[in-house]
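The next block holds one structure in the form of structure tokens; read it before the comments.
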Amino acid sequence: MTPEDHTSPLGPSYHRGPVTLRGKMIPQSTSTQHFLSSDYNSDWIHSDPWRVLRIQAEFVDGFGALTELGPAISIFGSARTATNNPYYQAAQTMGKLIVQKGYALITGGGPGIMEAANRGATEAGGVSVGLGIELPHEQGINDWVNVGMSFRYFFVRKTMFMKYSSGAIICPGGFGTLDETFEFLTLVQTHKAPSMPIVMFGTQYWAGLFEWITTTMLAEGTISQFDTSLITFTDNPEEAVARACPNLS
555 MTPEDHTSPL GPSYHRGPVT LRGKMIPQST STQHFLSSDY NSDWIHSDPW RVLRIQAEFV
615 DGFGALTELG PAISIFGSAR TATNNPYYQA AQTMGKLIVQ KGYALITGGG PGIMEAANRG
675 ATEAGGVSVG LGIELPHEQG INDWVNVGMS FRYFFVRKTM FMKYSSGAII CPGGFGTLDE
735 TFEFLTLVQT HKAPSMPIVM FGTQYWAGLF EWITTTMLAE GTISQFDTSL ITFTDNPEEA
795 VARACPNLS
């Protein structure tokens, strides 16, 4: 009990670690009593405090797996792209060219565009990273990944993309690809992440979205002209890689 307990209208205080509880919030038993009880309910492993430890563990595992990766480029795109699609073939070419420039290649580790890029990198003898995500219908890490990890949490996974990427190539994709694209753009725009090249591959695919950005967002002043300059558009795999890969010193 501390001096302020005598003057508090709620009476004595109970301290549970850094948390202070008063009045009706004071528990009837201590945390240690709960822990040592033989019939203690195991629901605690699904609680938010325990979830924080799992999140922490994912960060530790991710940093441990990637900290010695060296410079790397991320390629994003749809998991639904078929192997006979020109975008699949372009992503495979870009994966190959990236590792030939001395970079590791990072994708989300799934099928489609991700598989194509990993395949190109692996066939060229490079480091081919796949950062997967636990989803109800996820197919798992594709067969062309030689450094793979699966995450429970999207935000931990995206931190790994941002921390270990020196540039990004965005191929046609869906909501997940848009999420990753605007994560990169937002963090670079706000200087929360170092400036890096961001290349949108497939000008026709992205044209409608970025026409709206320039004619609506820019016109309304919700973004600046500088913000639109963060993005490069191309349909050429060689140009995409050339623009996405900073010169290695």
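With the numbering used here applied, the sequence shown corresponds to residues 555 to 803, in that order.
Beta carbons: idealized from backbone N, C-alpha and C, even for Gly.
- The three-state secondary structure of Thr637, taken from DSSP, is coil.
- The continuous alpha helix (DSSP H) containing Gly618 extends over residues 602–620.
- Here Glu677 has Lys650 as same chain residues with Cβ atoms under 7 Å from its own Cβ, once five neighbours each way along the sequence are excluded.
- Cα atoms of Ile667 and Asn696: separation of roughly 11 Å, rounded to the nearest angstrom.
- Arg706 and Glu612 have their alpha carbons spaced roughly 8 Å apart.
- Comparing alpha carbon positions, the residue from Pro640, Pro581, Val614 closest to Gly756 is Pro640.
- Straight-line measurement puts the Cα of Arg608 at about 38 Å from the Cα of Ser783.
- Between Ser719 and the set Tyr759, Gly662, Ser583, the nearest pair of CA atoms involves Gly662.
- Secondary structure at Ala644: helix, using DSSP grouped into helix, strand and coil.
- In this structure, Gly686 sits near Ser704, with a CB-CB distance shorter than 8 Å.
- The bridge partners DSSP lists for Thr788 are Phe755.
- With distances taken between CA atoms, Cys725 lies nearest to Thr788 out of Thr788, Pro690, Met579.
- Only residues of its own chain outside the window of five on either side were considered, and among them Tyr641, Tyr642, Gly666, Ile667 have a CB closer than 6 Å to the CB of Thr635, listed in chain order.
- Within its own chain, the residues whose Cβ lies closer than 8 Å to the Cβ of Ala619, once the five positions on either side in sequence are excluded, are Val701, Met703, listed in chain order.
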